[in-house]
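Colleague: Residue numbers (our numbering), protein chains in the order written: chain Y, 1 to 401; chain E, 1001 to 1401. By construction, the Cβ of each residue, glycine as well, lies at the ideal position given by its N, Cα and C atoms. Here the structure is a predicted model, which means the values were calculated and not measured.
Next comes the structure, spelled out in structure tokens:
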């Protein structure tokens, strides 16, 4: 793949997309809280949503609009999740689509809706409706950064990523924005990501590619093990790059497109982990040697979701005993006399027993902003990776209100 | 049951039991770190252990000694878990039994061994061995409190409970000591409890009664969702109360004995939750209306183990949306439009939507040191209860090292 990483401060929207982000007043503090992404022409859209049985009104709205080849926009608010709001909440979500559609002069069926924030309260529609109209007025090719800011809740950093490829000799862009940062669990927990491309893509192929990209990125991160009611990843492909043949699995450029999509998804997912509430470290958990991939995944998630493991990272304390404990209570088969654990290149245990590696060496690994804990169960060929972060006192402080 | 609660500062050992607790030097700080409980005559013993696949040497030692009608003692150290220590650790555990047995002039097979503390380091046997001999010298009928102190790790409060009943007209005592307080998860996570009775009890009946008592007490508490490598509950019955017929399910006093055992187990379990690391509140999670008891249990544990729910309690923030979120991602079937949630007697949601109950009222519930969150899923007759505590910044502070 000939991908080109763009400057991190710039958000280059694919051809035919515009964006905006404003402060409408849903958040009490002076921060952007409404975002709009628009495709000037109908776009094929793919989506992946939370698996939580309790899911928000906008999630229900979006699910019912898929599949679609006519998507035009997604309107997003932060500060209120519009979850556990019943029929009234569904009406509010639909009203958001209607007002957006009216202002854009498109059909309401082509407008997607997302919300993130506090659960259980009605949306302040007296603020949301004029907010939508204002957002439409502010749409521009340079609005990507404002939109990325407007979807943030407890996020500290703006998250976006862009990759350029060529299809049939034409430049194609795949870009995306995302928000975390708490209530993040493997299966798509409080996170929103909006991906855009100007590629021409077959609708079925697009949905498959997105599902696979999400599985290898957003579904492999965990901050606190809590799954949200509102998780949504949407991918819009408007075909404005102008290459002649639609991309699908048979197309010679398909692998490049998939690689670009995977890269954008993974980079956004890693940015969410790096911006985990109160977190400063990105930790990669790599488990191999499990009976199979599924068991490796269970062991990796047990480590990544153990608060005792996560707090030990915060304390720069290489307590591999807590890692052993976590895999021991995971549902993966473990033989404690076979377990090897590495901190980056330094082996902490061999056959389940401490090595001679000095504590100071292991400490120096955990002191880094990014490191890898690798566990070999030495039972089979199963393998899994999960990305996570440490848990600090600040995490608790952020979440006590 | 005619039970009599004894003064909370007194630990009344059943007839024929002696105890001791000393500072041997395993802990760097000046705190007791070795405990010994002894029955002057052979006792029937029952045991329940961690389900963690990684389990400590003393757990392996104890498991291999059960069932036994000849138990004489349990020697315990805190400050070092003797876990992930391989064959050398097993030899150390056995050596602890040997030294204890020699000093008591009994067989090593009759001595049980428990350890709790840091995982992965060898026991300092040069400290442990003289420590054992010193502990034997200090044995007394008044040693219960010192023993209860000596098994503590991050515990702040000594945990013990005693119930008196009558069997065949003779006074019988059931008493116990326990330690928590982190790495506590439903299925017996880092906790030790030692129960004693002078009742005459059939061995099989004793094991069944203990398993059931543990299931309704120690297995229903959770602090942080982590399961330890060392959890052990042992129950010794030495028959010194002198009633004529052995207790079993056919005995007229069986129900009284079981009730006493259940009470001691539950009270100790609740004390562990109340002394959860950094915790100040005891929260009872009661789920009913699930499809079945197992599903109710899943929903209750999802709530009790959600860090977002637990931190909201720490912040005295009645965020029922986080409760909805947790049951939604639990493996229990949930229909969000049917969920009723109460904070003590105050209903927060009806059919999944906010009630008119003022936030201030819900807040006043969470301000209490003990309260109940009740969730009715309104689907079936399944029911479960779990006891837990809040998560504070102090919890993280305690666990960063």
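Tell me, please, which residues DSSP counts as bridged to residue 194/Y.
Modeller: Answer by DSSP bridge pairing, in chain order: 177/Y and 234/Y.
Colleague: With 16 as the cutoff for other CB atoms within 10 Å, does residue 1454/E come out buried or exposed?
Modeller: In the structure displayed, chain E extends from 1001 to 1401; residue 1454/E sits before or after that span and is not available.
Colleague: Alpha carbon to alpha carbon, how far is residue 1164/E from residue 1140/E?
Modeller: Straight-line Cα distance between these residues: approximately 20 Å.
Colleague: Does the beta carbon of residue 132/Y come closer than 8 Å to any beta carbon on chain E?
Modeller: It does not; no Cβ of chain E falls within 8 Å.
Colleague: Would you decide whether residue 402/Y is buried or exposed? Buried here means 16 or more other CB atoms lie within 10 Å of its CB.
Modeller: In the structure displayed, chain Y extends from 1 to 401; residue 402/Y sits before or after that span and is not available.
Colleague: For a cutoff of 8 Å on Cβ pairs, would you count residue 1295/E as touching chain C?
Modeller: Given the protein chain composition of this structure (Y and E), no chain C is represented.
Colleague: Take every Cβ of the region 55-69 of chain Y, pair it with every Cβ of the region 107-115 of chain Y, and state whether three or more of those distances are shorter than 8 Å.
Modeller: The region 55-69 of chain Y vs the region 107-115 of chain Y: in contact.
Colleague: Report the start-end ranges of each beta strand (DSSP E) in the region 1246-1309 of chain E that is 3 residues or longer and not cut off at the edges.
Modeller: Taking only runs of at least 3 residues, the beta strand (DSSP E) segments lying wholly in the region 1246-1309 of chain E are 1282-1290.
Colleague: Return helix, strand or coil for residue 318/Y, following the three-state DSSP convention.
Modeller: Three-state DSSP puts residue 318/Y in coil, outside helix and strand.
Colleague: Give a yes or no on whether the C-beta atoms belonging to residue 1083/E and residue 1120/E are separated by under 8 Å.
Modeller: For residue 1083/E and residue 1120/E, yes; Cβs fall inside 8 Å.
Colleague: Measure how close the beta-carbons of residue 302/Y and residue 265/Y come, nearest whole angstrom, since I'm counting them as under 8 Å.
Modeller: Going by Cβ atoms, the distance from residue 302/Y to residue 265/Y rounds to 24 Å, so no, they are not a contact pair.
Colleague: Listing by chain order, which chain Y residues have their CB less than 7 Å from the CB of residue 1118/E?
Modeller: Result: 321.
Colleague: Are any of the Cβ atoms in chain Y nearer than 8 Å to that of residue 1397/E?
Modeller: Judged by the 8 Å Cβ criterion, residue 1397/E is in contact with chain Y.
Colleague: Just to confirm my understanding: we take residue 1274/E, look at its own chain, exclude 5 residues before and 5 after, and list those with CB closer than 6 Å. What are they?
Modeller: Once the five neighbours on either side are set aside, the close Cβ partners of residue 1274/E are 1282.
Colleague: Touch check for the region 1234-1246 of chain E and the region 1289-1304 of chain E: three-plus C-beta pairs under 8 Å?
Modeller: Segments in contact, no.
Colleague: So residue 228/Y contacts chain E; which residues on that side make the cut at Cβ distance below 7 Å?
Modeller: Within 7 Å Cβ-Cβ: 1325.
Colleague: What number of angstroms, rounded off, separates the C-alpha of residue 178/Y from the C-alpha of residue 151/Y?
Modeller: Distance between the alpha carbons of residue 178/Y and residue 151/Y: 8 Å.
Colleague: Applying a beta-carbon distance threshold of less than 7 Å, which residues of chain Y neighbour residue 1391/E?
Modeller: Those are 396, listed as they occur along chain Y.
Colleague: Expressed to the nearest angstrom, what Euclidean distance is found between the alpha-carbon atoms of residue 387/Y and residue 279/Y?
Modeller: In a straight line, the C-alpha of residue 387/Y is about 13 Å away from that of residue 279/Y.
Colleague: Hey, residue 71/Y and residue 36/Y: beta-carbon distance below 8 Å or not?
Modeller: No; because the gap between Cβ atoms is not below 8 Å, this pair is not in contact.
Colleague: In chain order, what residues of the same chain lie with their CB nearer than 7 Å to the CB of residue 1032/E, ignoring the 5 residues before and after it?
Modeller: Correct list, in chain order: 1021, 1022, 1023, 1146, 1149 and 1150.
Colleague: Of all the CB atoms in chain Y, is at least one closer than 8 Å to the CB of residue 1367/E?
Modeller: By this cut-off, residue 1367/E is not an interface position.
Colleague: With DSSP as the reference, label residue 83/Y as helix, strand or coil.
Modeller: Residue 83/Y falls in the coil class under three-state DSSP.
Colleague: Give me the residue from 349/Y, 361/Y, 132/Y and 339/Y with the minimum Cα distance to residue 380/Y.
Modeller: Nearest C-alpha to residue 380/Y: 339/Y.
Colleague: I'd like to know whether the C-beta of residue 83/Y is nearer than 8 Å to at least one C-beta of chain E.
Modeller: For residue 83/Y, the answer is yes, since a Cβ of chain E falls inside 8 Å of its Cβ.
Colleague: Name, going along the chain, the residues of the region 1027-1057 of chain E whose beta-carbon falls closer than 9 Å to a beta-carbon of chain Y.
Modeller: Going along the region 1027-1057 of chain E in chain order, one finds 1050, 1051, 1052, 1053, 1054 and 1055 with a Cβ nearer than 9 Å to chain Y.
Colleague: Could you work out which residues of chain E lie near residue 340/Y, taking near to mean beta carbons separated by less than 9 Å?
Modeller: Here the premise fails: no neighbours, minimum Cβ distance about 12 Å.
Colleague: Run through DSSP, which three-state label would residue 14/Y get?
Modeller: DSSP places residue 14/Y in coil when its eight states are reduced to three.
Colleague: To the nearest angstrom, how far is the alpha carbon of residue 1200/E from that of residue 1240/E?
Modeller: Their backbone Cα atoms lie some 7 Å apart in a straight line.
Colleague: Helix, strand or coil for residue 118/Y, going by three-state DSSP, please let me know.
Modeller: Here residue 118/Y sits in strand by DSSP.
Colleague: Do we get a CB-CB distance below 8 Å when we pair residue 289/Y with the residues of chain E?
Modeller: No, no contact with chain E.
Colleague: Taking C-beta to C-beta, are residue 345/Y and residue 355/Y nearer than 8 Å?
Modeller: Going by C-beta atoms, residue 345/Y is not nearer than 8 Å to residue 355/Y.
Colleague: In whole angstroms, what is the alpha-carbon distance linking residue 1135/E and residue 1099/E?
Modeller: Using only the alpha carbons, I get a separation of about 11 Å.
Colleague: In terms of alpha-carbon separation, which member of 1125/E, 1066/E, 1078/E and 1307/E lies closest to residue 1090/E?
Modeller: Among 1125/E, 1066/E, 1078/E and 1307/E, the Cα nearest to that of residue 1090/E is on 1125/E.
Colleague: What did DSSP end up calling residue 170/Y once you bin it into helix, strand or coil?
Modeller: It is a strand residue.
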